[in-house]
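Numbering-wise (my numbering), the sequence shown opens with residue 5 and increments by one.
Backbone N, C-alpha and C define an ideal beta-carbon position, used for all residues, glycine too.
The structure under discussion appears below in the form of structure tokens.
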Amino acid sequence: MTKHAQSPRTTSAATPRQAGVGLALGGGFARGFAHLGVLQVFEENNVPISHIAGTSVGSILGAAYASGAPLARIIEACRTLRFRDIARWRVSRLGLASNHRLENLIERVFDSRHFEDLRIPLAVVATDLSSGEPVVFTQGNLADAIRASCAFPGLFEPVEIGTRCLADGGLVAPVPTRAARDLGAATVIGIFVGLQDGHRGAPTNIFQVVSRAVSAAQKHQLEIWESHADLVLRPDVQSLAWDDFHRAEEAIAAGAAAARRALPRVQKLLGQRENAARSLQARLDAEDKGYVWLAEVLG
5 MTKHAQSPRT
15 TSAATPRQAG
25 VGLALGGGFA
35 RGFAHLGVLQ
45 VFEENNVPIS
55 HIAGTSVGSI
65 LGAAYASGAP
75 LARIIEACRT
85 LRFRDIARWR
95 VSRLGLASNH
105 RLENLIERVF
115 DSRHFEDLRI
125 PLAVVATDLS
135 SGEPVVFTQG
145 NLADAIRASC
155 AFPGLFEPVE
165 IGTRCLADGG
175 LVAPVPTRAA
185 RDLGAATVIG
195 IFVGLQDGHR
205 GAPTNIFQVV
215 SRAVSAAQKH
225 QLEIWESHAD
235 LVLRPDVQSL
245 AWDDFHRAEE
255 AIAAGAAAAR
265 RALPRVQKLL
275 GQRENAARSL
285 QARLDAEDKG
295 YVWLAEVLG
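Printed below as a string of structure tokens:
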């Protein structure tokens, strides 16, 4: 477990609503590469991204994109990414590995290292192991928050930030739709890459045992996080195992296919939001004119 001299601050304050969609990127290890396919299709079709919230691998990819790093660079890095690039085995009482190497990935790929420097507002979700409550990071050092959000229990050591002992955000927010909404997103789209570990039959190792236990708990959270989403995309990545990093292209293609299918609904949502905003502005303008007229009459 690693202590940090400085810790990112947390906040639940909402920012003003902005045009565009807020993406909530869920966890799923290698299956999370599907998020890149969604981003690719949204870019190609000029779908504006106003906010991003990420859990686990969703926090890595979401933060990279929010930093301003070109999507092509992020995809290229993921094509060659392997488990050893983010983890170092060091068996301890609290986990089998450290995810310190994530900091090297952030240095190599990201264009920003702090929340305050991001081009798109970002929230990263982790789990407080003492209280069992979500911790939502929106300020401070990105690497610390991302490492905490990716600290899958049993596999990675928890991460200490300030007085908190933190683990994977997927325990409390499999898809962080509420965090995206609280961040200020008017329209929230969740990206869900599934609950299973990609293996069939009885578990054969401790990681599969823990993974399936977490998945069983997450099934009971579906209604909660879905209620904060206007639309949920479910890329077909169930055949991919958690560690199929070499199958990044398949995951990206699955994400792209899901995004293309959803484009008409996404564009309809954006149109509805735009019309509602225009109606509200027209009403406010009319009220302002009425106040001016009344002031003139009363003299």
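Practice task
Could you give the DSSP three-state label for C154: helix, strand or coil?
Solution key: coil
Handout entry: Between the CA atoms of G31 and D148 - distance to the nearest angstrom
Key = 17 Å
Exercise for the section: Mind checking who V140 pairs with in its DSSP beta bridge? Expected result: V129
Problem - Nearest-angstrom beta carbon gap, V25 and L274 [assumed within contact, 8 Å] - result: 7 Å
Practice task
Please classify A57: does DSSP put it in a helix, a strand, or coil?
Solution key: strand
Exercise for the section: Please find out if some non-hydrogen atom of the ligand SAH comes closer than 6 Å to the beta-carbon of Q242. Expected result: Ligands in the displayed structure: none, and consequently the ligand SAH is not present.
Problem - Which listed residue (A152, Q271, A217 and I228) has its alpha carbon closest to that of G62 - result: A152
Problem - Rounded Cβ spacing between I56 and L29 (contact assumed at less than 8 Å) - result: 7 Å
Practice task
Could you tell me whether the stretch 222–241 touches the stretch 64–82, using the rule of 3 or more Cβ pairs below 8 Å?
Solution key: no
Practice task
Compare the C-beta of L170 with all C-beta atoms of chain C and state if any pair is closer than 7 Å.
Solution key: Any reference to chain C falls outside this structure, which holds one protein chain only.
Exercise for the section: For A257, collect the residues of the same chain with a Cβ closer than 7 Å to its Cβ; drop the 5 residues on either side in sequence, then sort them by chain order. Expected result: G41
Problem - Runs of beta strand (DSSP E) wholly within the stretch 204–261 (minimum 3 residues, chain order) - result: 235–237
Exercise for the section: Say whether the stretch 191–200 touches the stretch 131–150, bearing in mind that this needs 3 or more beta-carbon pairs closer than 8 Å, one atom from each stretch. Expected result: no
Handout entry: DSSP-derived helix/strand/coil call for T181
Key = helix
Exercise for the section: Could you work out which residue in R182, T191, I228 and G158 is closest to V214 when comparing CA atoms only? Expected result: G158
Handout entry: H39 versus G259: straight-line alpha-carbon distance, rounded
Key = 6 Å
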